[in-house]
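Numbering (our numbering), first residue to last: 3 to 759. Ideal Cβ positions, reconstructed from N, Cα and C, are used throughout, including at glycine. Quantities reported herein were computed from a predicted structural model and do not represent experimental measurements. Below is one structure, written out as structure tokens, with a few remarks after it.
In structure tokens, the structure reads:
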């Protein structure tokens, strides 16, 4: 007999513990235990009463002094029965969220398990809920994305599905969901987005509202990005295609549907005047800090703002006195197109102490303080100068660029050294001949700054602009025309840029929210004061240049009993007019914008005054009025400047000097000059990189009068070139005017890099 096989005996011993019968039995035991556990959970988890979100709290917004500015949070909701909602609109919601709604038992085990596991393992939030589950979450539970809440949601959804009809569940879901624009429920959403009751919604409109629920803020057509609009259209098509697939919509009707663009948003009651603008801007700032729109709308927040109650009232009164009192908005269609916006900032803290968004948030919802669709025009020119000082740039003749450097101020002078043909026209086509950079800043001479940005470099200038606080965008192309402020910017953006200059080059980010707290957490507010982004020498030299604008240039109407620096600006076709300025204690950007009832940009010419509404007029007057009041009549504070040593307010350079040559003996203090020197010079000299002849002599300015009657107007944009460049090249200096009806008879359209609105 052979010896026993020990290895087989060993295997038989192991199999005793892992036989298929034992494994199957173990599996069934685990299944029974799991079922038992689920049954216990099912028994132990009751259907609760309505959650706190169903009876939302208010948000409280306070001034910096603690006084309440606004209390929001009264839910914009009106419950409507399912019988009042068109059947195809009902089906659109089912098609969007849960095609098996009418057949399932209230849960999607696979989807919910996947979502819970994703949340539990830290892989991020994920969907997977049925309509019943979402209704349970909205009405009975919280918005927390936790595994425990998901399990409760699933159990309660099963119970609710057993105890409640599908019609009641669908109605509850449509009435409790959040659609954006502070609209809770289908009725509020129908009125907010389309101005109709829910009963009047079309199939296409219903499909859009159903699509919104996935991302209300991102998918709101009127405020969505290009990507957001593309995504919501794709979602809208997905909903309708699902309806066809389920037999709820015919292919013929589907083919005839067009995307229903919603109307512009209107604020909730109680947001009248400047309150709505301020609250919305505060909410947007919180969202940039990571607070979701849903969290804000759910209520329970106490938000303390940097808004100074007195300064806020001073700003509103200044606009009323200098603008609104002079307009006939109801009787004059041109007057009705004038919009004003302003932002005022403390340069030492970055606090937004006052903001003006428009005539009132219930009349004009878009805030003129934060919109970026208008050009800042010549208020951009100081950035060119700051870049020149920061980078120690030289003229093409080899001279360092400073306030005493002489440039050729001839109107329509072709810039030298650029691949782009650009010959900007000065205001009224006036030629100045040889002028210092200081004089060019005072009188905002286009031809000088167009050449300067070529000498300095467009890319370097753009980098400085972004470092100072401007925002990049498709209209921020690199070209000599950039020197004339052809990109978009808001008054808050420009207030931040100038606050950084005021703060000696240390970055200032305008900040509206001082503190924001909820019962569960606090929000980390914006770091308002940052690092040194340009040298103190560059910032202070630019400040010194802009002192001349207020003391003896186009911004003289902003002068008062305070030390001030600033810059005027008037954009293409006079569609916007600016004055941005500062004292050592306060920075304020004021803008006027021409906008018709359809939201299209229009000219400000012959509105607030006859002719051009340039930045040295009403914007400077508003600025001066507000600053005087905000500083309680004036201030003894003075700028503490460390300049490059070439700072000169020399108004009368030697006319025999060549362009790009510095003055011999710069002065420390500015001289005065009539804001409207007469007669205008007749020089038409142009300046190559190394001039071979001297410019012709210009007539020097006359001494100032005691009461100047007219400033040097802010320059217009440059004249179109004789040969049209290709419209497809975004860096071309002069594309054809896309709006032939605008600016007829006017000279000088700047390249905006985008279609006019």
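- Residue range 578 to 584 is occupied by the beta strand (DSSP E) that includes residue 583.
- In terms of Cα proximity to residue 263, the closest of 368, 234, 245 is 234.
- Taking a C-beta distance under 7 Å as the contact criterion, residue 514 and residue 370 do not qualify as a contact pair.
- When rounded, the separation of the alpha-carbon atoms in residue 465 and residue 84 is 56 Å.
- In this structure, DSSP gives residue 453 a helical state, which the three-state scheme calls helix.
- By the C-beta criterion, the region 330 to 339 is judged to be in contact with the region 596 to 608, since at least 3 inter-stretch pairs fall below 8 Å.
- According to the DSSP assignment, residue 599 belongs to no beta strand (DSSP E), since it is labelled neither H nor E.
- CA-CA distance, residue 314 to residue 277, rounds to 10 Å.
- Each of 137, 268, 450 was checked against the Cα of residue 365, and the nearest Cα belongs to 268.
- Residue 570 and residue 380 do touch by the CB rule: their CB atoms are close to 6 Å apart, below 8 Å.
- The closest CA to that of residue 532, considering only 575, 486, 470, is found on 470.
- DSSP links residue 484 through a beta bridge to no other residue.
- Look at residue 532 here: in three-state DSSP terms it is strand.
- Inclusion of residue 279 and residue 359 in the CB contact set at 7 Å is warranted, their separation being smaller than that value.
- When DSSP reads this structure, residue 519 sits in a beta bridge with 304, 524.
- Rounded to the nearest whole angstrom, the C-alpha separation of residue 286 and residue 563 is 36 Å.
- Distance from the Cα of residue 481 is smallest, within the candidate group 459, 96, 61, for 459.
- Exclusion of the five residues before and after residue 362 leaves 274, 275 as the residues of its chain whose Cβ lies within less than 6 Å of its Cβ.
- A Cβ-Cβ distance of about 6 Å is found for the pair residue 491 and residue 374, placing them in contact under the 8 Å criterion.
- Counting only unbroken stretches of 4 or more residues, the alpha helix (DSSP H) elements lying wholly within the region 253 to 339 are 253 to 257, 277 to 290, 295 to 299, 311 to 324, in sequence order.
- With fewer than 16 other CB atoms across the displayed protein chains lying within 10 angstroms of its CB, residue 476 is exposed.
- By the beta-carbon neighbour count (other beta carbons within 10 angstroms, threshold 16), residue 107 is exposed.
- Proximity to residue 214 across 99, 228, 160 peaks at 99, based on C-alpha coordinates.
- Around the Cβ of residue 228, a 10 Å sphere holds fewer than 16 other Cβ atoms; the residue is exposed.
- CA-CA distance, residue 251 to residue 175, rounds to 22 Å.
- Each of 463, 322, 424 was checked against the Cα of residue 387, and the nearest Cα belongs to 463.
- Sequence-distant Cβ neighbours of residue 389 in its own chain, meaning closer than 6 Å and more than five residues away, are 458, 462, 463, 466.
- Taken through DSSP and simplified to helix, strand or coil, residue 191 comes out as helix.
- At a Cβ-Cβ threshold of 7 Å, residue 420 and residue 456 count as neighbours.
- Annotation: residue 368 is outside any alpha helix (DSSP H) and is labelled neither H nor E by DSSP.
- Comparing alpha-carbon positions, the option among 187, 506, 529, 327 lying closest to residue 643 turns out to be 506.
- Bounds of the beta strand (DSSP E) holding residue 569 are 567 to 572.
- Its chain contains 384, 387, 388, 503 as the residues whose beta carbon lies nearer than 6 Å to that of residue 544, once the 5 sequence neighbours on both sides are disregarded; these appear in chain order.
- In the displayed model, residue 410 falls within a strand according to three-state DSSP.
- If you draw a straight line from the Cα of residue 574 to the Cα of residue 594, it is about 13 Å long.
- Under the criterion of beta carbons closer than 8 Å, residue 300 and residue 357 do not qualify as touching, at roughly 25 Å.
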